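Chains A and B are the protein sequences, given in the same order. Heads up: the first sequence begins at 0 in numbering that gives the first Met the number 0, then just goes up one per residue. Heads up: the second sequence begins at 0 in numbering that gives the first Met the number 0, then just goes up one per residue. By construction, the Cβ of each residue, glycine as well, lies at the ideal position given by its N, Cα and C atoms. Small disclaimer: the values here were computed from a predicted structure and weren't measured. Here the structure comes first, spelled out in structure tokens, and everything after it is commentary.
Protein chains: 2
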Amino acid sequence: MKILVIGANAAGAKAAAKAKRLNPAAEVTVVDRGEFISYGACGIPYYVSDTVKELRELMSTPAGVVRNPAFFARVKGVTVITGTEAVEIDRSGKKVTVLEQKSGEIRTLPYDRLVLATGSHPATPVLYNVQCPSIVTVKSIEDAERLKARALPGTAVCVVGGGLIGLETAEALRMRGVRVTVLEMRDQLLPGVLDPEMAHQVEKELRANGVEVVTSCQVVGFDGEKQVERVITNRGEFPADLVVCAPGVRPNVTLAEQAGLTLGTTGAIAVDERMRTSDPDIFACGDCCETTHLVTGRKVYLPMGSTANKQGRVAGINAAGGDATFSGVLGTTIIRVFDCNAGKSGLTEAEARALGYDVETVLAPAPDRPHFMPEAKPIALKLVADRATGRILGLQAAGMGDVDKRIDAAATAITFGATAEQLSQLDLAYAPPFASAMDNLIVAADIMKNKLAGEAKGIKPREVWRKLEDGEDFILLDVRSPDEHGEVRIAGAKLVPLGVLREKLDSLPRDKEIITYCKVSLRGYEAQKILQAAGFADVKFMDGGILTWPYELER
Amino acid sequence: MKILVIGANAAGAKAAAKAKRLNPAAEVTVVDRGEFISYGACGIPYYVSDTVKELRELMSTPAGVVRNPAFFARVKGVTVITGTEAVEIDRSGKKVTVLEQKSGEIRTLPYDRLVLATGSHPATPVLYNVQCPSIVTVKSIEDAERLKARALPGTAVCVVGGGLIGLETAEALRMRGVRVTVLEMRDQLLPGVLDPEMAHQVEKELRANGVEVVTSCQVVGFDGEKQVERVITNRGEFPADLVVCAPGVRPNVTLAEQAGLTLGTTGAIAVDERMRTSDPDIFACGDCCETTHLVTGRKVYLPMGSTANKQGRVAGINAAGGDATFSGVLGTTIIRVFDCNAGKSGLTEAEARALGYDVETVLAPAPDRPHFMPEAKPIALKLVADRATGRILGLQAAGMGDVDKRIDAAATAITFGATAEQLSQLDLAYAPPFASAMDNLIVAADIMKNKLAGEAKGIKPREVWRKLEDGEDFILLDVRSPDEHGEVRIAGAKLVPLGVLREKLDSLPRDKEIITYCKVSLRGYEAQKILQAAGFADVKFMDGGILTWPYELER
Chain A
0 MKILVIGANA AGAKAAAKAK RLNPAAEVTV VDRGEFISYG ACGIPYYVSD TVKELRELMS
60 TPAGVVRNPA FFARVKGVTV ITGTEAVEID RSGKKVTVLE QKSGEIRTLP YDRLVLATGS
120 HPATPVLYNV QCPSIVTVKS IEDAERLKAR ALPGTAVCVV GGGLIGLETA EALRMRGVRV
180 TVLEMRDQLL PGVLDPEMAH QVEKELRANG VEVVTSCQVV GFDGEKQVER VITNRGEFPA
240 DLVVCAPGVR PNVTLAEQAG LTLGTTGAIA VDERMRTSDP DIFACGDCCE TTHLVTGRKV
300 YLPMGSTANK QGRVAGINAA GGDATFSGVL GTTIIRVFDC NAGKSGLTEA EARALGYDVE
360 TVLAPAPDRP HFMPEAKPIA LKLVADRATG RILGLQAAGM GDVDKRIDAA ATAITFGATA
420 EQLSQLDLAY APPFASAMDN LIVAADIMKN KLAGEAKGIK PREVWRKLED GEDFILLDVR
480 SPDEHGEVRI AGAKLVPLGV LREKLDSLPR DKEIITYCKV SLRGYEAQKI LQAAGFADVK
540 FMDGGILTWP YELER
Chain B
0 MKILVIGANA AGAKAAAKAK RLNPAAEVTV VDRGEFISYG ACGIPYYVSD TVKELRELMS
60 TPAGVVRNPA FFARVKGVTV ITGTEAVEID RSGKKVTVLE QKSGEIRTLP YDRLVLATGS
120 HPATPVLYNV QCPSIVTVKS IEDAERLKAR ALPGTAVCVV GGGLIGLETA EALRMRGVRV
180 TVLEMRDQLL PGVLDPEMAH QVEKELRANG VEVVTSCQVV GFDGEKQVER VITNRGEFPA
240 DLVVCAPGVR PNVTLAEQAG LTLGTTGAIA VDERMRTSDP DIFACGDCCE TTHLVTGRKV
300 YLPMGSTANK QGRVAGINAA GGDATFSGVL GTTIIRVFDC NAGKSGLTEA EARALGYDVE
360 TVLAPAPDRP HFMPEAKPIA LKLVADRATG RILGLQAAGM GDVDKRIDAA ATAITFGATA
420 EQLSQLDLAY APPFASAMDN LIVAADIMKN KLAGEAKGIK PREVWRKLED GEDFILLDVR
480 SPDEHGEVRI AGAKLVPLGV LREKLDSLPR DKEIITYCKV SLRGYEAQKI LQAAGFADVK
540 FMDGGILTWP YELER
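Listed below in structure tokens is the structure:
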């Protein structure tokens, strides 16, 4: 049995090694057009920032052995042919034509089972003068070397695209002393990953670290001949010695398409649960294929290194004659930008609403462990649930503290269709160095339960801001302490500290809309309950308190 | 409606506040025999170590307000009576007799619904001269103050009990410059929390930080009159200026028992899912009651601050006329001892075997994020699954890196009855600052799948050690590099690096038992597959590699 794999990065390397382990009698061959194989592509920004000192580290096993063709031959029993591009699949003849790039030699490789792990490429848009030198992408190790050579301290770099790769690269370049401007087409950073109020925290962190951020900024083209000089946008021109294009990626499907394999609605290669394409002898895995979203059941294109590894394993097993399935993903995503960690699993509010869900949301900022522990750092969680069933649709988390573990627990819960009730009862690990007795996730789930039961009535910061802008007649009630209020507040708020609210009920009108707020929203909620109990007709608390208020504050 | 709560710490305070919010018309009263209420009891070791500087911080809200009776009255609308002990429950008369400790005044408090949150006490065993001064427990704030006053630098302190509280206190005292010896009755630290090979890592860390650890050490009594001088044990006498008794806790059930409420088989108050005792108008929550283990379905006594809060909420809702349930726990536990984090969720191997499960285990040590990231730190996971169904029964984790998030994700997965297959497909958050493309948990689950499918054949370090001790005829094959082998190895191992194994097959006997090992077990597994494929009859790899080998190594 001959198993041929096209592509020797995460998915392909995994598929090949697994196939050989499962079926030692099989002859497993991998072709890759690049010279560098099986490298940690997601590590590139950290190589750019010199966090990872040696390129070699990205391509080594934890034991320090470089994963080169010799390693694959000796350890995995797999033949890897680099610098060789697959140019055509002959499905009826069951062979692949390959081109050795240096020699120009063309030959054919036969297969019984074929695994496509052809990866993805940056979806650079058609822009005026985009071919100008000094406009680079961040995908390969060659890109990384180019960036490191060019991005000298004091250089002005524009990063086009405020998604994951754009922001990771912006951070890396800033750490090299470069002047960095991020230009994002949408009105927020990380669209599709975070809702605006969560993305706002990442934007704040970038600015605090000297990165310029320009949103709603549509790049039209570039000025410069021998090398780029300016980025031309709908929001003016931005001088640049170097431009990083980070527009997101598209699947490499040409080979599959030319071979007549079915592509999905996402444009990526269609596969079933066994990672099988429309040809039963051809499998696909990693960035070139689509997958299923576990919340919506829809086909999605969400390429990730973590998914590529899982899919590679499944494709390898099935190609080798075994039986394995891959069920899908939740679009789990995480990023560190300087000291801010942010990510999500499942659907954002925007995604859920666009899909027609009737959603309830909770915004819960709090320290990530007991406030009395010196290492406690703030994080904010945003929980999105389906109002009808209480089912958790998604979690977002952002802040300086540990967001990853809340995202991982939520990802696990969402996988199993957990409701807010079930989430609130999880027996998560508790000790003061790690978490509060009521973990942030449990608190968020409890608030969600209170909201779903109609006990807690929240209102979004955006709504409150709009009401203030429109000059609506309502009372914005700050229930924090006089000290906190003195330091920073929302303009127009009335101060009645929670501790004296019960005594001062008569100072408030019972028929007017009252919106309470505090630092995080817990006291705001207490105030809502006190006022409701006292017969006040229309009381809400502002979600997330002043901590996640993304607008101007009065100091 | 009058709701009376006995006990004003985690569970009681939560129950009272929640009851009042849900039913503002109810009159909610809490009595507590102590002066300090609603404090973070789990924070006490961190106050002892001066990590938490001010006692006040343990008793404050995150906003800095002390949670005293005035706070409960003003903010929560709840009356808290401190320094007052409940001495008798009159169930037919629906009233509780209380004793004000300072004045000696006795009075009765009527109730419609009663919530017992009477907590727990250290289960100090009957030992010779245990009443000797300078033998203290670590339960209350008074205990903490006493410890801080006595534990001066250079003092010799014996901590009796190597459980969570014992080890947290040992660390705290060591940080004060005290000479600390931990005496543990069982043959390992943290029995019931970790299996021996995992507990070994915690023990190593304690020793590395100058804490003496003596296991299999049964304390018989204490020498000394005005103050303790020596601890008398089956393993000799240990000088001590101060003894900390940390024997684990028992529920405070006297009041409930005298009132004729049913106690469970665990000795704690029996409650149903609604936290209702055998009297429909009396609820119990927190450390005084038992709960259900979600893996076994059995009743267990596993008091935790996190559980107390959840149960308090449920008891409060039901007492106030609402409807809520608490389903149970997984015995999730975590501890930080110096730079080692360790914990578990679900069953340990020992617990699972004792309960009659046919278990498979995986020991997977690895960096907690990509090895090329400077912040990567080692952790070891131990996964326990039911061989028949593949269902995950438990996860243990220990090491310097992030163990908490793997425990939380596993806790969530176990709650939903996840199999190894399901665990291996979780869409966990991936980016190099947070985790490897294949998270440690995914790797452990994949190994478990390989083992359950019979593809991977592991053998426990303990078994290998026994074979070596017994002088059995087998080959212990080190497949690491010559450099690694030169540095440290298991005595008697034969070196054939993985990279040359395929060439050197003829140097190994095909009919003899071969046990491969490497640093973590991944290369060991590769070697097993290579040898198996080459027709070797009896090959296994040693679980966890040299990294979790708890015995002597040759250097």
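*What residue does the beta strand (DSSP E) around His-120 (chain A) start on, and which one ends it?*
119-121
*Determine the DSSP secondary structure at Asn-233 (chain A), reduced to helix, strand or coil.*
coil
*asked:* In this structure, how does DSSP classify Met-58 (chain B) when only helix, strand and coil are distinguished?
replied: coil
*Counting only the same chain and skipping the five closest in sequence on each side, list residues whose C-beta sits under 8 Å from that of Ala-375 (chain B).*
Pro-366, Asp-367, Arg-368, Pro-369 and Gly-400
*asked:* Taking beta-carbon pairs under 8 Å, can you tell me which members of the region 291-322 of chain A lie near chain B?
replied: Leu-293, Met-303, Gly-304, Ser-305, Thr-306, Ala-307, Asn-308, Lys-309 and Arg-312
*According to the neighbour-count rule (16 or more other Cβ atoms, all chains shown, within 10 Å of its Cβ), is Glu-577 (chain B) buried or exposed?*
Nothing can be reported for residue 577 (chain B), as the shown portion of chain B is limited to 0 through 554.
_Rounded distance between the beta-carbons of Val-201 (chain A) and Cys-339 (chain A), thought under 8 Å_ = 6 Å
_beta strand (DSSP E) runs contained entirely in the region 213-289 of chain A, provided each spans 3 or more residues_ = 218-222, 229-232, 235-238, 241-244, 248-250 and 281-283
*Output yes or no for whether 7 Å exceeds the beta carbon distance between Gly-345 (chain B) and Leu-362 (chain B).*
no
*asked:* On a Cα-Cα basis, can you pick out the residue from A:Pro-109, A:Asn-8, A:Glu-228 and A:Phe-540 that is closest to Val-129 (chain A)?
replied: A:Glu-228
*Tell me, please, whether the region 317-332 of chain A touches the region 280-295 of chain A by the rule of three or more beta-carbon pairs shorter than 8 Å.*
yes
*First and last residue of the uninterrupted alpha helix (DSSP H) at Asn-340 (chain A)*: Unbroken run through Asn-340 (chain A) is the beta strand (DSSP E), 339-345; no alpha helix (DSSP H).
*Expressed to the nearest angstrom, what Euclidean distance is found between the alpha-carbon atoms of Leu-354 (chain A) and Thr-50 (chain B)?*
48 Å
*Where in the region 383-454 of chain A do unbroken runs of the beta strand (DSSP E), each at least 3 residues long, occur, reported from the N-terminal end onward?*
391-398
*Which residue spans inside the region 172-212 of chain A form an unbroken beta strand (DSSP E) run of at least 3?*
178-182
*Which ranges does the alpha helix (DSSP H) cover as unbroken runs of at least 4 residues, wholly within the region 19-73 of chain A, from first to last along the chain?*
43-47 and 54-57
*Note down the Cα distance separating Ala-351 (chain B) from Ala-245 (chain B), rounded to an integer number of angstroms.*
26 Å
*Neighbouring residues, chain B, relative to Lys-1 (chain A) (Cβ below 8 Å)*: Near Lys-1 (chain A) there are no residues of chain B at all, since even the closest Cβ is about 17 Å away, more than 8 Å.
*Can you tell which of A:Val-248, A:Gly-266, A:Thr-28 and A:Asp-186 has its C-alpha closest to the C-alpha of Leu-113 (chain A)?*
A:Thr-28
*Could you work out which residue in A:Phe-282, A:Gly-266 and A:Ala-267 is closest to Arg-273 (chain A) when comparing CA atoms only?*
A:Phe-282
*For chain B, is any of its Cβ atoms less than 7 Å away from the one on Gln-424 (chain A)?*
yes
*Where do the ends of the alpha helix (DSSP H) carrying Tyr-524 (chain B) lie?*
521-532
_Inter-residue Cα distance where the pair is Ala-116 (chain B) and Ala-15 (chain B)_ = 10 Å
*Would you call Asn-22 (chain B) buried or exposed, if buried means 16 or more other Cβ atoms sit within 10 Å of its Cβ?*
buried
*asked:* Measuring only the C-alpha atoms, how far is Arg-312 (chain B) from Ala-323 (chain B)?
replied: 9 Å
*Whether Val-135 (chain A) touches Val-230 (chain A) by CB criterion (7 Å)*: no
*How is His-370 (chain B) classed by DSSP in three states: helix, strand or coil?*
coil
*Entirely enclosed beta strand (DSSP E) segments - the region 99-136 of chain A, minimum 3 residues*: 105-109, 112-115, 119-121 and 134-136
_To the nearest angstrom, how far is the alpha carbon of Gly-220 (chain A) from that of Asn-208 (chain A)?_
27 Å
*Would you mind sorting Lys-558 (chain A) into buried or exposed? The rule is 16 or more other CB atoms within 10 Å of its CB.*
As displayed, chain A neither begins before 0 nor continues past 554, which places residue 558 (chain A) out of reach and without an answer.
_DSSP three-state assignment for Asp-542 (chain B), whether helix, strand or coil_ = coil
*Is there at least one Cβ from chain B nearer than 7 Å to Pro-431 (chain A)'s Cβ?*
yes
*By how many angstroms is the C-alpha of Ser-480 (chain A) removed from the C-alpha of Glu-359 (chain A)?*
29 Å
*What residues from chain B crowd round Tyr-516 (chain A), counting only those whose CB sits closer than 8 Å?*
What Tyr-516 (chain A) touches in chain B: nothing, since even the nearest Cβ is about 13 Å away.
*Determine, using beta carbons only, whether Phe-337 (chain A) and Glu-204 (chain A) come nearer to each other than 7 Å.*
yes
*Identify which residue in B:Lys-404, B:Gly-393 and B:Phe-433 has its Cα closest to the Cα of Gly-416 (chain B).*
B:Gly-393
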